[in-house]
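Asker: Dropping a structure here in structure tokens format, bear with me for questions.
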Amino acid sequence: MGKFIVKRIAGGILILIVAFTMVFFLSRVIPSDPALKWVGAHATKEQKEAAIIELGLDKPISEQYVDYFKNLLKGDLGISIVSKRPVAVELKEAIPNTLELVFISVILAFLVGMPIGVYSANKENTIFDHTGRVFSVGILSMPAFVVALFLQMIFSTRLGLLPLTGQMETMTKLMNPIESVTGFTMLDSIITGNWAAFKDILIHSVLPVLTLMSYPLGLTARMTRSILLEVLNEDYIRAERAYGIKERKIIWIYSIKNVIGTVITVLALSTGYTLVNTFVIESIFSWPGVGNYIGRSVVNLDYPAIIGVTLFAAIAYVILNMIADIIIALDPRVRVVGGED
Amino acid sequence: MVEDKTKNNNRMFIAVKIKNKYNSLKTFLKLLFTNKLTGFAFVVIAALVIIAIFAPIIAPYPDQGLGKVNLDEVFQSPNAKHIFGTDELGRDIFSRLVYGARISLSISIITIVIALIIAIPLGLISGYYGGVVDEIIMRITDIFLSFPPLLIAIVIASFLGPSLKNAVIAIAIAWWPSYARLIRAQVISVKQKPFISASKCIGTSDFKIMLSHILPNSIAPIIIQASMDMGSVILTAASLSFIGLGAQAPEPEWGLIISTSRRFIIDAWWYTVYPGIVIFITVLSFNLLGDGLREVLDPKTRVR
Amino acid sequence: MKKSIKKVSLILMVLCILLTLIGCGSNNTQPSESNEQNKENSENKLNMFTYVTHSDPMVFWDPAETWAAEIIVMQNLYESLVRIDPVDDSIIPVLATDWVRSEDGLEWRFTLREGVKFHSGKILTPDMAARSLMRTIEIGKGAAYVWDGVEDIVADGNELVFKLSRPLPLLQIVSASYGAYIYDPDIERDWYYEANADGTGPYKMMSYQKDSEMILEKHTDYWGGWDDKDGHFDVAVVKTIAESSIRRQLIVSGEVDFIQQLSVEDIEAIKNEPGISVSNVVSFQQLNAFLNTQKEPLNNKYIRQAISYLTPYQDIVDHVMMGNATQARGVIPPNLWGYGENLLQYTYDLDKAKELLAKGGYPDGGFKLLYTYTSGDTNLQKVGELLKDSFARANIDLELRAMTTDAKYNLTKAQDPNERQDITLLYWWPDNLDPVGYMDSQFHSEEEVGFNFAYYSNSEVDRLIDEAIELSGISIEEASEKYIEAQEIIIEEAPALFLYCENYIRPYRSDIKGYIDNPVYPNVVYFYDVYR
């Protein structure tokens, strides 16, 4: 197992390098004029030429690449063309907020989606099964913004139970400022025992989490159901049934471990989708996360920012897929070939 | 890794039996329709296709469906004249959705088919052979997956030029890696099954094993995922319109309609809700059909 | 089994209730109790003003470079020598208390206010003021071009002396909305970009979170003082809320005090809600659609005139702006000098358009035009859809293409004019109270494409604009005449469709007092002037 992980990490670093290289060159061939953006449209020719030198765009692209790579190793991701602030600083502010949201959503989706799927499979073709099916397809086919806006209309505007947008009230921020320990606001508020702030963030995160988890939830439920149906028809399960082992035990002990592998693969992939999805959701809920940042940097062709977010996305994928692969490697069907009993 | 010989033989027997069973198209269709839900889904999809083909006849206001404005009747709530209401320029939303079926159905089906054509062979090979081939293919998917999809789209837009065709290519390119990974994961667990080893023992070629034994046994999750993705493709296509790559206003593409409606969601609920329902029904039907297909294709769930 | 049916019916019931709630909730949105409570709590603690904008305003942090949406914050953090009030054309003294102009108009002296303290505690000296403006000019970024013609700025006692190479309307320049701030010239540029600011304005930076909110607190040592300012705000927050419908719900519920921009449809829907006031003023913001004069078929004057007659101006004003705009007359908007009230306005006239098409060699239309606009700007999308519909009546096909700002801008500058768009749009508003930008940037011929998206080049127009610029420091009346003369030619040659000049409409809570929308400083709320 140790060797496997080392191999995967080495592979991961390779992917990062290739992805970085590709993004670097792709972002340079897209027609765009960073120097002009840097100085503004009214600038004179001389100012623009100065900007080209300032940004190092006069050097041959191979040299720019080497320079960039060197800085990267020092943790310097360059300066955003649009906001003119260091990309590393901006990402450091944004990433934790998104990760908190995404992790909570995906874990909840898994914890809620699995039982729904199992229950559906168990009660195949009953009304529960059909409702679950329609519901999960429903939330999968709805655009995230529709889900978000309707949730807001119900829980904030109509019932007044939850706040409409934001990560926390400005007043809470002023009265109970969170000390930064890890950079993860929610975690920090717990560590420092700042319960007023924690409660506020928690309340604010309910709606974004509900919206974000809808996709992985629907997917988990559907996947679990269909794979479990398959597994329940395997010979060895039938044999167990024939031996008189209780159905509940069959499902939860013998079958579920066969399901988890694929479900986790799907979930790992959908975490990627969820990260991308945060683009829309963060903007609707005014959540200060990286989703907003990705969208804006790509639309503005802000290439240092694009490279920064791509590296982040690449790292996230590498880790997620590594987890998925390790779990597949642990899958009983892979390990103990065909000989369950 | 000890394998039970009798079990092997048994499996092999089942595999052969299955192959004979769905050889003919007739049996296949018959099996498909045994499930009422699948039949229903099939009818809905057929209806959608017919609507798309005969849009000019079905749409009550064909010119508005294509974008002609009707400024005297902006934001009419659903009524006898406009059953789904009208939009911000007075156009009949029902007519627009009818015309939109043409664009949206073709975008989503073609995109997913392209993605599957790339993903299935790569996923099969990767999972079946393992080793270096697997490593290379999976690293390629990793690289694609780690790119922001919007960036892929922008790169394609700036090289191939903006058009609907290129939007489809862009989405398919962003989409296939996750299918490939999904198939691979399934293939890895299937290939360890005794009946596969049995086929190998009797000298069946790798190609044949992959195609007739592994593929049918590992297609289930991909069918579910693909049928669920129909909706996501429509919505992604709409986000590409934003960078000038996909359908452009006033084309009645569903995703574009629902994105435009977002601004009016509080006062004109019908503008969001009806396109939403249409996308939902379409995705649901494809999903039910996908489930039906899976049951027929997957030997285990069928032989009960 | 029975149990599961119970569960299912429970789920269905909950769903039904939720749907009903959406149904009734959609029309009358009432302030919810929790929001009221929040507000009450806040009033007990700090008096806070909340300004809502649609995208993070901060682009440039260095007051020398500022030239974008950050004006809404910058105008509260930093100050210039004077400000302009366009309503009665008066000058408001800010950091300058008095000024004189020399006979020949080549030297101006401004007396600097005394006892002005920066947020850092430093005292503002005339030397610092002079050096800060010179720093802006030397850096030369952003709006620094407004200082063209200023040779030198030096401190003399408690006075600032401006030495000019030609007569200039200097009061308009030192009051410019961008590029005229006085700041501490000894601060390094990098410091600003760490989200810092140090000005003399009534509010100072407290915290900044990108894409979320920016908190300003009052500068206790502000020269204007806080003694008689009961009900004024301790804290001002600038929040970024991207979604228009959310901004609308926030102002209706009373959670925020001021909205910079809301769609006209949303404003129509909420303007009669209790507790909401709407400020509606004529602005200088004008929308023009530029026709590519270098490309078939719009290189033909008659075709451009035909297109001008095919544009449904009234429908655009009524349906895009819901009447909150007026059809533009020429290049310069009303209320700004240089506006010609007798200039020709094109109106929709299909017969005339067809006549002109025939004259231009396209009697049956039959050509295709590409219309590019910024994605996400639904107003421009609507304009495009209306133009498409209208052009179709003369058998002209208009293709709409939404593009990112960057891509759109790149296309306008493609090497070959034939690869560029046929029609693209631009909003224009002044950097100071001078029409020069409207004329010089949009219609003066250019070597390299800047903002002249019609690629229009007419030596007579160029001459008139240059003369007007020269005259503007001496006699506004004479300069104005030159501009009107130039506009006559431009209108006749129709290199652009002059669509509309819009009103700024801003919803705010009725309990906010002291707000005046000054269109010279677009979108700015002077937090020091408002109170509850």
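Protein chains in written order, with our numbering: chain A, 1 to 341; chain B, 1001 to 1304; chain C, 2001 to 2532. Glycine included, C-beta positions come from ideal geometry on N, C-alpha and C.
Quick one, are the C-beta atoms of leucine 101(A) and valine 209(A) less than 8 angstroms apart?
Answerer: A contact, by the Cβ cut-off of 8 angstroms.
Asker: Between the region 271-289 of chain A and chain C, which residues of the former have CB atoms less than 9 angstroms from a CB of the latter, in chain order?
Answerer: Those would be Glu282, Ser283, Ile284, Phe285, Ser286, Trp287, Pro288, Gly289, in chain order.
Asker: Where are the alpha helix (DSSP H) runs, 4 residues long or more, that stay fully inside the region 2155-2213 of chain C, in chain order?
Answerer: Listed in chain order, the complete alpha helix (DSSP H) runs (minimum 4 residues) inside the region 2155-2213 of chain C are 2170-2174, 2189-2192.
Asker: For valine 1278(B), return the contacting residues in chain C, with the cut-off set at a CB-CB distance below 7 angstroms.
Answerer: The premise fails here: valine 1278(B) is roughly 18 angstroms from chain C at the closest Cβ pair, so nothing lies under 7 angstroms.
Asker: Would you give the residue range spanned by the alpha helix (DSSP H) that tyrosine 236(A) belongs to?
Answerer: Where tyrosine 236(A) is concerned, the enclosing alpha helix (DSSP H) stretches over 235-242.
Asker: Does aspartate 2431(C) pass the burial test, meaning 16 or more other C-beta atoms within 10 Å, or should it be called exposed?
Answerer: Buried, by the Cβ-count rule.
Asker: Can you tell me whether tyrosine 243(A) is buried or exposed, with buried defined as 16 or more other CB within 10 angstroms of its CB?
Answerer: It is exposed - the Cβ of tyrosine 243(A) has fewer than 16 other Cβ atoms within 10 Å.
Asker: Out of Met2206(C), Val2146(C), His2054(C), Leu2400(C), point me to the one whose CA is closest to leucine 2077(C)'s CA.
Answerer: Of the listed residues, the one whose Cα sits closest to leucine 2077(C) is Met2206(C).
Asker: Should isoleucine 2307(C) be labelled buried (16 or more other beta-carbon atoms within 10 Å of its own) or exposed?
Answerer: Its Cβ being crowded by 16 or more others within 10 Å, isoleucine 2307(C) is buried.
Asker: Return the residue from the list Glu54(A), Thr310(A), Leu275(A), Arg133(A) that minimises the CA-CA distance to phenylalanine 20(A).
Answerer: The residue with the shortest Cα to Cα distance from phenylalanine 20(A) is Thr310(A).
Asker: Which residues of the region 2234-2254 of chain C have a Cβ closer than 8 angstroms to any Cβ of chain A? Give them in chain order.
Answerer: From the region 2234-2254 of chain C, only Val2235, Val2237, Lys2239, Thr2240, Ile2241, Ala2242, Glu2243, Ser2245, Ile2246, Gln2249, Leu2250, Ser2253 have a Cβ closer than 8 angstroms to chain A.
Asker: Count the other CB atoms within 10 Å of the CB of aspartate 67(A); is the residue buried (16 or more) or exposed (fewer)?
Answerer: Exposed.
Asker: Helix, strand or coil for alanine 1080(B)? Go by DSSP, reduced to three states.
Answerer: In the structure shown, alanine 1080(B) sits in coil (DSSP, three-state: anything other than H, G, I, E or B).
Asker: If we define contact as Cβ-Cβ less than 8 angstroms, is histidine 2054(C) a contact residue for chain B?
Answerer: For histidine 2054(C), the answer is no, since every Cβ of chain B falls outside 8 angstroms of its Cβ.
Asker: Tell me the rounded alpha-carbon separation between leucine 1150(B) and alanine 2236(C).
Answerer: The alpha-carbon atoms of leucine 1150(B) and alanine 2236(C) are separated by roughly 36 angstroms.
Asker: Please list, in chain order, the residues of the region 2395-2412 of chain C that have any C-beta partner in chain A closer than 7 angstroms.
Answerer: Listed by position, the residues of the region 2395-2412 of chain C near chain A (Cβ gap below 7 angstroms) are Thr2404, Asp2406, Asn2410.
Asker: For a contact meaning CB atoms closer than 9 angstroms, what does aspartate 33(A) contact in chain C?
Answerer: Under the 9 angstroms cutoff, chain C gives Asp2406, Tyr2409, Asn2410, Lys2413.
Asker: Taking the alpha-carbon positions, what's the glutamate 63(A) to arginine 133(A) distance?
Answerer: Distance between the alpha carbons of glutamate 63(A) and arginine 133(A): 55 angstroms.
Asker: Could you spell out where the beta strand (DSSP E) holding aspartate 2148(C) opens and where it closes?
Answerer: First-last for aspartate 2148(C): undefined, no H or E at that position.
Asker: For a quick check, are the C-beta atoms of isoleucine 227(A) and threonine 262(A) less than 8 angstroms apart?
Answerer: Yes.
Asker: Please look up how many angstroms separate the CB atoms of serine 1108(B) and valine 1296(B), rounded, as I've assumed it's under 8 angstroms.
Answerer: Rounded, the Cβ-Cβ distance is 22 angstroms, inconsistent with contact.
Asker: Note the first and the last residue of the continuous alpha helix (DSSP H) segment covering methionine 1138(B).
Answerer: Residues 1131-1145.
Asker: Just list the alpha helix (DSSP H) runs in the region 2433-2482 of chain C, keeping only unbroken ones of 4 residues or longer that don't cross its boundaries, in chain order.
Answerer: Qualifying alpha helix (DSSP H) stretches, in chain order: 2459-2471.
Asker: Between leucine 1045(B) and the rest of its own chain, which residues show a CB-CB distance below 6 angstroms, the 5 nearest in sequence each way excluded?
Answerer: According to the sequence provided, residue 1045(B) is isoleucine. The question's leucine does not apply to it. Once the five neighbours on either side are set aside, the close Cβ partners of isoleucine 1045(B) are Ser1285.
Asker: If we cut at 8 angstroms on Cβ distances, does isoleucine 2187(C) have a partner in chain A?
Answerer: No, because no Cβ of chain A sits closer than 8 angstroms to the Cβ of isoleucine 2187(C).
Asker: How long is the line joining the alpha carbons of serine 2403(C) and tyrosine 303(A), rounded to whole angstroms?
Answerer: Note that residue 2403(C) corresponds to methionine in the displayed sequence, not to serine. Their Cα atoms are separated by approximately 18 angstroms.
Asker: Short of 6 angstroms in beta carbon distance, which residues of its chain neighbour methionine 223(A), apart from the five on each side in sequence? Order them along the chain.
Answerer: Same-chain partners within the cutoff: Val263, Val266.
Asker: Looking only at C-alpha atoms, which of Asp2198(C), Tyr2181(C), Ala2180(C), Gly2179(C) sits nearest to glutamate 2188(C)?
Answerer: If we check each option's Cα against that of glutamate 2188(C), Asp2198(C) comes out closest.
Asker: Buried or exposed for glutamate 2079(C), going by 16 or more other Cβ atoms inside 10 Å?
Answerer: Glutamate 2079(C) is buried by the Cβ-count criterion.
Asker: Establish whether the CB of phenylalanine 1147(B) and some CB of chain A are separated by less than 8 angstroms.
Answerer: Yes, phenylalanine 1147(B) counts as interfacial toward chain A.
Asker: I'd like the ranges of any alpha helix (DSSP H) spanning at least 4 consecutive residues and lying wholly in the region 1214-1267 of chain B.
Answerer: Correct list: 1215-1218, 1220-1241, 1254-1261.
Asker: Measure how close the beta-carbons of alanine 1055(B) and glycine 1039(B) come, nearest whole angstrom, since I'm counting them as under 8 angstroms.
Answerer: At roughly 25 angstroms, the Cβ-Cβ gap does not stay under 8 angstroms, so alanine 1055(B) and glycine 1039(B) are not in contact.
Asker: When the Cα of serine 1199(B) is compared with those of Val1190(B), Gln1192(B), Ile1209(B), which residue comes out closest?
Answerer: Of the listed residues, the one whose Cα sits closest to serine 1199(B) is Ile1209(B).
Asker: For glutamate 2036(C), I'd like the list of residues in its chain whose CB is within less than 6 angstroms of its CB, leaving aside the five on either flank, ordered along the chain.
Answerer: Confidence at glutamate 2036(C) is low in this model, with a pLDDT of 44, below 50, so the placement of that residue is unreliable and no value is reported for it.
Asker: Can you tell me where the beta strand (DSSP E) with valine 2235(C) in it begins and where it stops?
Answerer: Note, valine 2235(C): beta strand (DSSP E), 2235-2240.
Asker: Just to confirm, are isoleucine 104(A) and serine 205(A) a CB contact at a threshold of 8 angstroms?
Answerer: It is a contact, given that the beta carbons lie within the stated cut-off.
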